[in-house]
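Here is the structure we will look at, set down as structure tokens.
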Amino acid sequence: MLRILRWLDEHPSALESAWDVPRSISLEGIADGVGVVRSALFQPMSALEENGLIHTRQAHVLGSGRRKRKVCHITKNGRKVLAEHAEDAPEPRSKHSQKLNGQVPEYTYMHGRRGEAESIRLAFEQNRPIHLRGMPGIGKSTLARSVVQGLAHEGVTINWVQLDAYCDVKEAMHRMGIEAPQILDVEGYASLLEQQEVLLVFDDVHSISPRHQASFSNLFQSLELCKVPFMLLGRDRDTFSIEGEYVELGPLKQEYAVELLDSELGEERNSIVDTLGGHPLAILLYDASTPLPETNQDVRTYVEQVVLGEASSEVHDAMSPFLVLPFPVPAGRMPSPDNVPLLDEHTLLRWGAKDSTMEMQHLIRNVCKSFLEDSEVDALHVSAIEHWGKEDDALASILELHHRIQRGETDVSGHLSLRANELMTTYSGAFATLLDEALVIENKNLELVELAAQHALNRAEVEIAKQYIEGFDASKLVNIRLQIAQFEGRKDAIEALLPVLESVGNQDQKLRMQLSILSRSIDDLSINSNHEDFNRINRLIDQVRLPDNEHERQLILTTVVVMRHALALEQGDYDAAKFLLEQLEGIAATSDPLVQYLTTKTELKSFDPQSTHSPLVLRNAELVANQIQQPLYKTSLLLLLCEQLTETQLHRAQLIHEQIDIHSIEAMGTPSARRLVAKWWEQKAMFDEKSRVLALREAILRYRSVGCPNRARSLSKRLHNV
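Reminder that position 466 of the sequence shown reads as 581 in my numbering, one-by-one numbering, no gaps.
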């Protein structure tokens, strides 16, 4: 009874009159919290209510559909009794909750497992990676949650993530609540967390997609190298090449397992536990109205024959959409949210952090789905496509695409291409998984292969991009091959591919590829570039054939002039740069953002820092940069301004650098935007000594990913000297 009072005491009295209340004060939430079957609450709660220590009412439970549910509140008398028995009551669960970050599941009272908990604590103190393994429903998350509660109480910061197939390392860090810049170098996260008093918990590591396993493996190895404590929760003994402390969870010992059941059952509890093999979820699924199996059966068989066999058709119908759900979602997003309370009452749902998302218990889902015919599974996917197709947001798009791929639809590449701009940046990891899964069905679809390889290159995953194009003729996917060659800095490969580029029959495609190569090559120029580098770019520019269409011809001509202008500035030929600028001014107004940008860029590149006019030039450049609306022009000028100020006014340069909205630039996802992000990281290394190595590593990787190997090599030399 004290556990129930303690649980309710954690909730404010203001909830007593609230229209919407959390699931944690519903019967199902209380049962989860104190770690018993729901039926075990009836007798003690009746006694508590009769004695005026709690009162019940009907209220709307957040995330559980429109139907009101029975909820409980502790009374003033109940709080008084709890205070009088403080020594006997369990510790409050919410102390130091500010140390619990990310997708930490709701606290559940743990029965037994003391030896396993001590093993985990000892491994943490010895700074050894922890592998917590066991079958679905055995209590891995409950045990880990209990351990981290104590660690948080001692001042350790806990960061918890619930993994799924559509989560990559960057998304995992975001879900964990780790405040970190968006970085491609996954090993950089380890250096950010080094020497901090933290424990990272990765739940459901078995669900990581094959597409992201290599990057997670790199992350775990880096965390181990930097001595950042972490714990991996999963079903399989897959170490991700990480040694550590292995804790294998088996059945609960009988003396603790019986505590999950209603004490009114007396000695009968022992036989129930024995028959159910001490499996916690199976015990929590037990209902007195449901017959027990005659013998000690495998828990999957118990779920199949007893629990599901006895469930009503209403429950079976409510379960259907959950059987093909790939990851937890808010209850309100499901096709029939009012069915959620029904499933919750039968202990069939697994709830996420703060009860904000839910899915079916994995054991239940796996057993049910294994008995469906292919046609039945297909029908569920069709129904899900119809439901999510009506929604208009990224989450719905991911789910709709998932179901199309799982159905084996052959035209899925068209759907992926349509959603590319929406998902490539915001949900990069999920989009990568979707592309990878789609290629299982359409591995010869050139459009799909190119999209998947391009996305991999955008993520600086060149080895994956190479795997995607493996087996295709060298004349195919030329643009991808050129980018890979540039990523790897192989000039011989680039030279070998240029004749292939000449043979591209589609002139629009050829022109796009030529301009892309030129843009990357110009941005890759540095103080180490030689005469041959400039001549090669000039030859490439001379090969550009202008389109016949007058409007398109004018656009490409302007682009070529801008490129020649940039080349002249890099060569230090300021007279040529000014001449080209005058040509542009002849066809555009002086108020044109492009003209303003190039004029200011020319002034910044050509001014003498020792001149008496230099302060005026710098001030004017900052003014223009802040006034200009085009985000790429603005960012480019601010970065150039930082570069010019670094030698003489480092603090001012840092202030300007900090005001750049680099997240908005990265969200644009274009090659030019991604090159600016690389430059931003390069300059960040000048300001913060603590994160210099991280910034240089990130800049190197980003320059490589956008085809600027010369800049990457130059920074690698700097990194070597740090």
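Ideal placement from N, C-alpha and C gives every residue a C-beta, glycine not left out.
Unbroken alpha helix (DSSP H) run spanning residue i, endpoints
i, result
"threonine 750", "746-760"
"phenylalanine 157", "157-165"
"lysine 484", "477-485"
"alanine 683", "665-686"
"threonine 548", "543-556"
"valine 497", "489-504"
"aspartate 279", "Aspartate 279 -> no alpha helix (DSSP H), and no H or E assigned at all."
"phenylalanine 102", "Given a span of 116 to 837 for the chain in the structure shown, any question on residue 102 remains unanswerable."
"valine 388", "383-390"
Whole-angstrom distance between residue j and residue i, CA atom to CA atom
i, j, result
"valine 821", "alanine 287", "24 Å"
"tryptophan 122", "arginine 350", "30 Å"
"threonine 96", "proline 450", "Because the chain spans 116 through 837 in this model, residue 96 falls outside it and cannot be assessed."
"alanine 768", "glutamine 686", "25 Å"
"histidine 211", "leucine 487", "Its pLDDT being 44, under 50, histidine 211 is placed unreliably by the model, and nothing is read from it."
"glycine 150", "glycine 365", "17 Å"
"arginine 605", "alanine 511", "41 Å"
"leucine 738", "glutamine 759", "15 Å"
"alanine 509", "glutamate 781", "18 Å"
"histidine 517", "isoleucine 323", "15 Å"
"lysine 469", "serine 139", "9 Å"
"glutamate 358", "cysteine 341", "14 Å"
"valine 152", "glutamine 328", "37 Å"
"valine 313", "phenylalanine 239", "10 Å"
"alanine 446", "glycine 230", "36 Å"
"asparagine 536", "glycine 784", "8 Å"
"methionine 678", "isoleucine 637", "8 Å"
"valine 675", "isoleucine 656", "7 Å"
"leucine 102", "lysine 368", "Any answer about residue 102 is impossible in this case: the structure gives the chain only from 116 up to 837."
"cysteine 757", "histidine 772", "7 Å"
"arginine 384", "threonine 272", "39 Å"
"leucine 533", "glutamine 241", "50 Å"
For residue i, three-class secondary structure by DSSP
i, result
"serine 141", "strand"
"leucine 348", "strand"
"aspartate 638", "helix"
"methionine 225", "coil"
"leucine 841", "Nothing about residue 841 can be reported from this structure: the residues present for the chain run from 116 to 837 only."
"asparagine 216", "strand"
"asparagine 274", "strand"
"alanine 146", "helix"
"phenylalanine 649", "helix"
"phenylalanine 694", "helix"
"valine 619", "coil"
"glutamate 804", "coil"
Classification of residue i by the beta-carbon crowding that lies within 10 angstroms, buried from 16 upward
i, result
"valine 497", "exposed"
"tryptophan 134", "exposed"
"glycine 586", "exposed"
"isoleucine 743", "buried"
"histidine 778", "exposed"
"phenylalanine 157", "exposed"
"glycine 270", "exposed"
"alanine 810", "buried"
"serine 337", "buried"
"proline 220", "buried"
"proline 127", "exposed"
"valine 444", "buried"
"glutamate 381", "Note that residue 381 is glycine in the sequence shown here, rather than glutamate. Exposed, because fewer than 16 other Cβ atoms sit within 10 Å of the Cβ of glycine 381."
"alanine 201", "exposed"
Closer than 9 Å to chain B by CB, residue i
i, result
"tryptophan 122", "Going by chain labels, chain B is absent from the structure shown, which holds only one protein chain."
Endpoints, beta strand (DSSP E) assigned at residue i
i, result
"glutamate 363", "360-363"
"leucine 247", "245-248"
"leucine 464", "464-466"
"aspartate 124", "Segment 117-124 is the alpha helix (DSSP H) holding aspartate 124; no beta strand (DSSP E) there."
"glutamine 725", "Looking at the DSSP string, glutamine 725 is not in any beta strand (DSSP E), and its letter there is neither H nor E."
"isoleucine 189", "184-189"
"threonine 171", "169-176"
"aspartate 103", "In the structure as shown, the chain begins at 116 and stops at 837. Residue 103 is therefore absent and cannot be evaluated."
Integer-rounded CB distance, given that residue j should sit under 8 Å from residue i
i, j, result
"histidine 188", "leucine 117", "Not really, about 17 Å apart at Cβ, beyond 8 Å."
"aspartate 639", "proline 456", "About 59 Å; that fails the 8 Å criterion."
"serine 261", "methionine 225", "4 Å"
"isoleucine 556", "valine 577", "That pair is no contact at about 24 Å."
"leucine 754", "glutamine 798", "6 Å"
"threonine 714", "alanine 692", "Threonine 714 to alanine 692, Cβ: 10 Å. No contact."
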